[in-house]
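Line order of the protein sequences matches chains A and B.
Sequence positions in the first sequence follow numbering that gives the first Met the number 0 and run 0 to 410.
Sequence positions in the second sequence follow numbering that gives the first Met the number 0 and run 0 to 410.
Have a look at the structure below before the remarks.
2 protein chains.
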Amino acid sequence: MDRLTVPAGYEALEAGTVEAYLDGRPDLRSRLPAGPLTVREVGDGNLNLVFIVRSAATPDDPGIVLKQSLPWVRVFGEGWPLTVERAVREAHAYEAFSPVAAEALPAYLGFDEPRYVLALEDLGDLRVWRGALNDGEIHAGAAAVVGTFAARIAFWTSDFGLQPEERKARLVASSNPELCRITEDLVLTEPYLEHEHNWHHPALDPLVAEVRADAELRREVGVLKHVFRTHAEALIHGDLHTGSVMVGGGRTVVIDPEFAFYGPVAYDLGALWANAVIAEARATRLGRPDAFRAHLAAIIRASWDAFAMELERLWPERADTFLEDGFREAWLRIVWHDAVGFAGTKMIRRTIGFAHVTDIETLDEPDRSTAAASVLRIGRRLILERADITGPTALWSLAQDELAAPAGAPR
Amino acid sequence: MDRLTVPAGYEALEAGTVEAYLDGRPDLRSRLPAGPLTVREVGDGNLNLVFIVRSAATPDDPGIVLKQSLPWVRVFGEGWPLTVERAVREAHAYEAFSPVAAEALPAYLGFDEPRYVLALEDLGDLRVWRGALNDGEIHAGAAAVVGTFAARIAFWTSDFGLQPEERKARLVASSNPELCRITEDLVLTEPYLEHEHNWHHPALDPLVAEVRADAELRREVGVLKHVFRTHAEALIHGDLHTGSVMVGGGRTVVIDPEFAFYGPVAYDLGALWANAVIAEARATRLGRPDAFRAHLAAIIRASWDAFAMELERLWPERADTFLEDGFREAWLRIVWHDAVGFAGTKMIRRTIGFAHVTDIETLDEPDRSTAAASVLRIGRRLILERADITGPTALWSLAQDELAAPAGAPR
Numbered sequence: 000m001d002r003l004t005v006p007a008g009y010e011a012l013e014a015g016t017v018e019a020y021l022d023g024r025p026d027l028r029s030r031l032p033a034g035p036l037t038v039r040e041v042g043d044g045n046l047n048l049v050f051i052v053r054s055a056a057t058p059d060d061p062g063i064v065l066k067q068s069l070p071w072v073r074v075f076g077e078g079w080p081l082t083v084e085r086a087v088r089e090a091h092a093y094e095a096f097s098p099v100a101a102e103a104l105p106a107y108l109g110f111d112e113p114r115y116v117l118a119l120e121d122l123g124d125l126r127v128w129r130g131a132l133n134d135g136e137i138h139a140g141a142a143a144v145v146g147t148f149a150a151r152i153a154f155w156t157s158d159f160g161l162q163p164e165e166r167k168a169r170l171v172a173s174s175n176p177e178l179c180r181i182t183e184d185l186v187l188t189e190p191y192l193e194h195e196h197n198w199h200h201p202a203l204d205p206l207v208a209e210v211r212a213d214a215e216l217r218r219e220v221g222v223l224k225h226v227f228r229t230h231a232e233a234l235i236h237g238d239l240h241t242g243s244v245m246v247g248g249g250r251t252v253v254i255d256p257e258f259a260f261y262g263p264v265a266y267d268l269g270a271l272w273a274n275a276v277i278a279e280a281r282a283t284r285l286g287r288p289d290a291f292r293a294h295l296a297a298i299i300r301a302s303w304d305a306f307a308m309e310l311e312r313l314w315p316e317r318a319d320t321f322l323e324d325g326f327r328e329a330w331l332r333i334v335w336h337d338a339v340g341f342a343g344t345k346m347i348r349r350t351i352g353f354a355h356v357t358d359i360e361t362l363d364e365p366d367r368s369t370a371a372a373s374v375l376r377i378g379r380r381l382i383l384e385r386a387d388i389t390g391p392t393a394l395w396s397l398a399q400d401e402l403a404a405p406a407g408a409p410r
Numbered sequence: 000m001d002r003l004t005v006p007a008g009y010e011a012l013e014a015g016t017v018e019a020y021l022d023g024r025p026d027l028r029s030r031l032p033a034g035p036l037t038v039r040e041v042g043d044g045n046l047n048l049v050f051i052v053r054s055a056a057t058p059d060d061p062g063i064v065l066k067q068s069l070p071w072v073r074v075f076g077e078g079w080p081l082t083v084e085r086a087v088r089e090a091h092a093y094e095a096f097s098p099v100a101a102e103a104l105p106a107y108l109g110f111d112e113p114r115y116v117l118a119l120e121d122l123g124d125l126r127v128w129r130g131a132l133n134d135g136e137i138h139a140g141a142a143a144v145v146g147t148f149a150a151r152i153a154f155w156t157s158d159f160g161l162q163p164e165e166r167k168a169r170l171v172a173s174s175n176p177e178l179c180r181i182t183e184d185l186v187l188t189e190p191y192l193e194h195e196h197n198w199h200h201p202a203l204d205p206l207v208a209e210v211r212a213d214a215e216l217r218r219e220v221g222v223l224k225h226v227f228r229t230h231a232e233a234l235i236h237g238d239l240h241t242g243s244v245m246v247g248g249g250r251t252v253v254i255d256p257e258f259a260f261y262g263p264v265a266y267d268l269g270a271l272w273a274n275a276v277i278a279e280a281r282a283t284r285l286g287r288p289d290a291f292r293a294h295l296a297a298i299i300r301a302s303w304d305a306f307a308m309e310l311e312r313l314w315p316e317r318a319d320t321f322l323e324d325g326f327r328e329a330w331l332r333i334v335w336h337d338a339v340g341f342a343g344t345k346m347i348r349r350t351i352g353f354a355h356v357t358d359i360e361t362l363d364e365p366d367r368s369t370a371a372a373s374v375l376r377i378g379r380r381l382i383l384e385r386a387d388i389t390g391p392t393a394l395w396s397l398a399q400d401e402l403a404a405p406a407g408a409p410r
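What follows is the structure, encoded as structure tokens:
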């Protein structure tokens with residue numbers, strides 16, 4: 000990651016230049032009422048500018064969203080260059096996913112390749128699921144929508160839904176080495192080493208030292224890293240945590256597929272499940288009501304059941320009828336166990352790696368350290384014990400054991 | 000496979016036109032003495048023309064080999080079109096393998112892309128290993144060379160030996176959908192169905208019916224097919240049976256990498272091991288001497304040990320030092336069990352699929368049917384029991400049990 004690639008013609012948008020930009024994009028401008036516009040930059044991720052553009056006369060009505068990639072990792076500044084090509088990857092993913100999972104995506108309004116500007120539906124009052132969970136909001140159908148989404152993209156971009164020649168052609172067209180490298184480094188390597196990107200709360204020092212000295216854990220993370228790199232099953236989302244999901248108004252919408260590449264289907268499910276457990280660690284510290292805790296417990300079961308059911312529903316449409324129901328069930332078991340392992344890696348990277356989460360970081364001490372330590376312990380166990388964790392109940396029960404654990408690490 | 004793609008400028012060589020062709024290829028012509036040439040067409044495979052070109056004055060001295068792909072599957076005639084592009088895949092594989100495993104390959108003398116003609120070292124007195132095994136010849140070092148070769152190409156074309164961006168770029172450049180489709184169909188699908196490509200000896204009818212009704216077997220073959228399609232670990236040979244190896248004069252040389260693609264490393268080892276067992280089925284029927292039978296038993300152990308040892312030797316040169324010895328050992332276990340399963344599929348396709356092998360087909364009845372039935376039973380068990388087969392000794396012992404089995408299928 001030592002190249003700073005800014006293609007000719009690239010220019011970052013600013014709130015003040017968006018209106019002029021849209022004057023040159025009549026296809027987008029025509030979606031908004033005539034007259035003055037309001038532009039708000041709302042990007043809270045690490046990699047991009049995000050502008051919400053609405054009519055100044057009706058600022059509460061949804062307009063459009065423009066998302067532009069910056070040539071560096073935003074939170075790190077210009078010291079971490081990253082190609083703007085990732086916007087091409089995101090546009091490519093929306094183009095692949097929209098025909099098969101439109102109900103779980105924002106409307107895709109096109110891509111301006113010279114400027115690396117993606118245009119999307121303005122999701123209006125929807126909010127990021129992570130924030131809703133942080134506030135204790137229940138969005139009952141969200142997990143099933145995400146599970147169904149994961150199944151639909153898994154089926155329709157893999158050898159299940161495509162002829163093998165077509166899948167191979169799409170795989171070639173979907174290579175995303177730079178963003179894969181971020182995952183390989185930040186999620187699947189650095190948290191297990193001393194590395195300048197990492198940080199954690201001092202109270203976790205003894206537990207972190209133990210995790211980084213655990214040779215068995217490192218071996219199993221290596222196995223999962225190898226799976227991530229080499230199991231080119233389907234065009235996966237690649238970053239399907241609760242910050243990549245918007246909820247509200249009866250809708251659940253998946254966003255930000257810029258990490259999409261041909262990888263293991265289990266990775267998307269693992270990302271979601273890690274964040275359900277992280278939300279539960281917060282809810283435990285805050286003493287949230289039982290109804291909310293039950294909602295969190297249901298995220299893993301509902302997403303998994305929806306995933307498996309959608310696969311079963313689509314199965315008669317498979318391209319390869321040699322693969323029967325028995326294969327699908329065997330494959331689901333493999334996906335389950337890999338997803339449990341990936342969930343573990345996602346928990347650990349959020350507690351001792353580079354990018355942490357508001358679920359934990361907005362807690363007051365000592366709850367913050369206690370929650371982080373619990374998540375770290377759960378993640379470690381999910382990785383090491385993934386072959387023996389048989390289903391959502393066992394996973395949740397393991398998490399509850401650690402959330403209630405009195406000894407060892409800080410509580 | 001319904002397209003017949005013959006690019007502009009393609010013209011099949013004939014023995015009588017090779018000399019004129021070489022007049023236009025001074026780079027190759029200069030490797031041969033001046034004066035008249037002799038040309039022999041020796042292609043015994045299914046897909047290609049192969050010409051040995053030597054000086055007429057010294058016809059026992061090695062010259063050069065020209066290999067040209069035909070636009071159809073040769074044994075099937077023009078009714079099975081197949082792109083000549085596979086010669087591009089073979090040239091690409093030689094170019095990738097030669098820098099890291101030259102000792103186990105013919106010298107690669109270049110590729111004439113418009114004519115789809117590959118030029119290679121003439122291997123002189125070396126013979127195809129399958130034929131040598133059929134004749135009861137012992138080539139003691141061959142298995143270790145092939146195992147070492149498999150390790151070297153696995154290491155240097157995977158994330159072990161390459162930076163991940165480089166591996167991904169090579170994966171994109173190595174897509175080989177047509178030849179993968181042949182394996183997916185002929186090896187990993189059709190033998191388990193009623194299909195016009197299949198044939199077997201009538202004495203096997205009851206056993207074949209049982210195999211094709213075995214839902215558990217079909218499920219597990221589906222799992223292996225999915226691994227074959229999606230585990231893009233390394234640029235593998237893709238067809239590493241004993242007909243793709245030449246032996247003699249103290250050398251062991253791997254040829255015919257036209258099936259090369261980014262796939263599971265285990266597949267190459269499985270192909271070799273299947274053919275060791277097939278050779279043993281023949282040797283059993285013919286009552287070959289113990290020394291020869293011990294040689295066959297050693298093929299699996301020697302290739303596996305050489306594979307594992309070469310990986311260990313190369314490990315300090317790995318690109319990703321996060322992967323430690325513990326990972327390598329865990330990965331080797333996965334490769335072992337997958338290879339046992341793939342070996343099973345290769346045995347079954349050779350007994351009840353489209354392309355059979357001389358090891359069995361040149362036996363007289365009832366030995367021919369008895370050997371085929373044994374190989375079929377062993378293949379089935381390797382697929383179903385692969386997770387419980389712990390090493391070469393267990394594999395060979397299972398094979399011996401079936402080769403000695405008195406009941407059920409024909410003996």
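We put the CB at the ideal spot given by N, CA and C, even for glycine.
With three or more CB-CB distances shorter than 8 angstroms, the segment 384 to 403 of chain A counts as touching the segment 321 to 341 of chain A.
Listed along chain B are G221, each with a C-beta nearer than 7 angstroms to that of L322(A). At least one CB atom of chain A sits nearer than 9 angstroms to the CB of G325(B).
Only residues of its own chain outside the window of five on either side were considered, and among them A305, E309 have a CB closer than 6 angstroms to the CB of T147(A), listed in chain order. According to the DSSP secondary-structure assignment, S97(A) is paired through a beta bridge with no residue. The C-alpha of L27(A) is placed about 55 angstroms away from the C-alpha of E215(B). Between D255(A) and the set G123(A), P35(A), L104(A), the nearest pair of CA atoms involves L104(A). For A231(B), the C-beta contacts it makes with chain A under 9 angstroms involve L170, R228, T229, H230, A231, Y261, in order along the chain. With respect to the C-alpha of G62(A), the residue from V38(A), P315(A), G42(A) having the closest C-alpha is V38(A). Put simply, of V264(A), D111(A), E94(A) the residue whose alpha carbon is nearest the alpha carbon of A11(A) is D111(A). Taking 9 angstroms as the threshold, the shortest C-beta distance from D26(B) to chain A does not fall below it. According to the DSSP assignment, S396(B) belongs to no beta strand (DSSP E) but to the alpha helix (DSSP H) extending over 391 to 402.
Residue E177(A) holds the alpha-carbon nearest to the alpha-carbon of V83(A) among E177(A), H194(A), A131(A), L125(A). Counted as a single uninterrupted DSSP element, the stretch harbouring Y261(B) is not any alpha helix (DSSP H) but the beta strand (DSSP E) occupying residues 260 to 262. In this structure R281(B) is in contact with I359(B), their Cβ atoms being roughly 6 angstroms apart against a cut-off of 8 angstroms. For chain B, the residues of the segment 151 to 163 of chain A that bring a beta carbon within less than 7 angstroms of one of its beta carbons are D158, P163, in chain order. Membership of L108(B) in the beta strand (DSSP E) is indicated by the continuous run 107 to 111.
C-alpha of W155(A) to C-alpha of I333(B): approximately 28 angstroms in a straight line. Listed along chain A, the residues sitting closer than 8 angstroms to R180(B) by beta-carbon distance are P163, E164. For I377(B), the closest Cβ of chain A is not nearer than 9 angstroms. L125(A) and P25(A) have their C-alpha atoms spaced approximately 26 angstroms apart. At least one C-beta of chain A is nearer than 9 angstroms to the C-beta of T188(B).
Look at the beta carbons and you see the segment 181 to 189 of chain A not touching the segment 244 to 251 of chain B: under three pairs across the two are nearer than 8 angstroms. E18(A) and H355(A) have their alpha carbons spaced roughly 35 angstroms apart. The alpha-carbon separation between G221(B) and I382(B) amounts to approximately 11 angstroms. As computed with DSSP, K66(B) is found in a beta bridge with V49(B), L117(B). In the three-state DSSP reduction, I235(A) falls in the strand class (E or B). About 4 angstroms separates the beta carbons of D366(B) and R284(B), which is inside the 8 angstroms limit, making them a contact pair. Distance from the CA atom of R348(B) to the CA atom of P263(B), rounded to whole angstroms, is 19 angstroms. Sequence-ordered contacts of the segment 194 to 214 of chain B with chain A read A214 [C-beta pairs closer than 9 angstroms]. The three-state secondary structure of T251(B), taken from DSSP, is strand. The alpha-carbon of E232(B) is positioned some 15 angstroms away from that of G269(B).
Cβ neighbours of V374(A) within its own chain (closer than 6 angstroms, five residues either side excluded): I277, A280, M346, T350. Between R53(B) and L21(B), the gap from beta carbon to beta carbon reaches 9 angstroms or more. One Cα belongs to D213(A), the other to D324(B), and the distance between them is close to 14 angstroms. Spatial neighbours of G135(B) in its own chain (CB-CB distance under 6 angstroms, excluding positions within 5 residues in sequence) are listed in chain order as R287, F291.
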